[in-house]
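To convert, note that position 82 of the sequence shown is 154 in this note's numbering; the numbers rise steadily by one, no gaps.
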Amino acid sequence: MAVEAAPATENATGEVARHPLQHRWALWYDNAKLKAATETWADNLKHILAFETVQEFWALFNNVMPPSMLSVQSNYSVFKEGVKPMWEDTANRQGGKFVLTVKGEDLPQLDQWWLHAVLSAIGETLESETDPEVCGLVVSLRKGQHRIALWTKTCEESRVVPVAKKLKEALKLPARLKFVFQTHSDAVSSLSSFQNASRFEV
73 MAVEAAPATE
83 NATGEVARHP
93 LQHRWALWYD
103 NAKLKAATET
113 WADNLKHILA
123 FETVQEFWAL
133 FNNVMPPSML
143 SVQSNYSVFK
153 EGVKPMWEDT
163 ANRQGGKFVL
173 TVKGEDLPQL
183 DQWWLHAVLS
193 AIGETLESET
203 DPEVCGLVVS
213 LRKGQHRIAL
223 WTKTCEESRV
233 VPVAKKLKEA
243 LKLPARLKFV
253 FQTHSDAVSS
263 LSSFQNASRF
273 EV
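So this is what it looks like as structure tokens:
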């Protein structure tokens, strides 16, 4: 579905027609700097709102701050409803993520790339309807550089690389930028979100 192009049409009763998405999605937010000493990371993870139509998506995204305006250590996550943006979630446990690092001259593109990454995911343009691979997306704000990550349910190169290639094309990234793939199992072992070995890149 072309989420960007869905018109605001009316049905026979004069109501604005809704354009349903194939899946229901949810926006999450967390910031480690705001976590109380007694809270776990999971306690700090906030489910903001779920959406299942094009209209609900735009109503939400037009009323939240873009990533570039968030404080350092903040994360936005957009995941299929029922899947938490956590390594330990059943849907994520056997998977990994493609990470795009955004820094220097590319920083002004962060908001645009994040928006188009989300549009590509919720518009179901990245994966096969019969063999879904995408779990969600995360944008992470860090000092001096930020990251956009595409989370997949498996680590099979033959399955996940085509998904990342479609996303890279959708974002119109310069050739010098790469998505590097890291497994969630490595992250669990190292207790680090990003300081893990790259298995392959696109």
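By construction, the Cβ of each residue, glycine as well, lies at the ideal position given by its N, Cα and C atoms. Since this is a predicted model, take the numbers as computed values, not measurements.
Is residue i helix, strand or coil by DSSP?
i	result
Phe272	strand
Asp102	strand
Arg90	coil
Trp155	Here residue 155 turns out to be Val, not Trp, going by the sequence shown. Looking at Val155 - three-state DSSP - the assignment turns out to be coil, as it is neither helix nor strand.
Starting from residue i, trace the alpha helix (DSSP H) in both directions and tell me its first and last residue.
i	result
Ala189	182-194
Gln127	126-133
Lys237	229-243
Glu116	The question names Glu, yet the displayed sequence has Asn at residue 116. That run of the alpha helix (DSSP H) goes 113-116.
Measuring straight from C-alpha to C-alpha, what distance separates residue i and residue j?
i	j	result
Gln55	Thr202	One cannot answer for residue 55 here, as it falls past the ends of the chain, which runs 73 to 274.
Gln184	Tyr101	19 Å
Ser146	Leu213	5 Å
Leu245	Leu239	9 Å
Ala193	Glu273	19 Å
Val232	Lys250	14 Å
Near residue i, which residues of its chain fall below 7 Å by C-beta distance, leaving aside the five closest residues on each side in sequence?
i	result
Ser140	Leu182, Asp183
Thr255	Gly168, Cys227, Arg271
Starting from residue i and walking both ways along the beta strand (DSSP E), at which residues does that stretch end?
i	result
Ser212	206-214
Arg219	217-224
Validate contact between the segment 151-159 and the segment 86-102 using beta carbons, cut 8 Å, 3 pairs: yes
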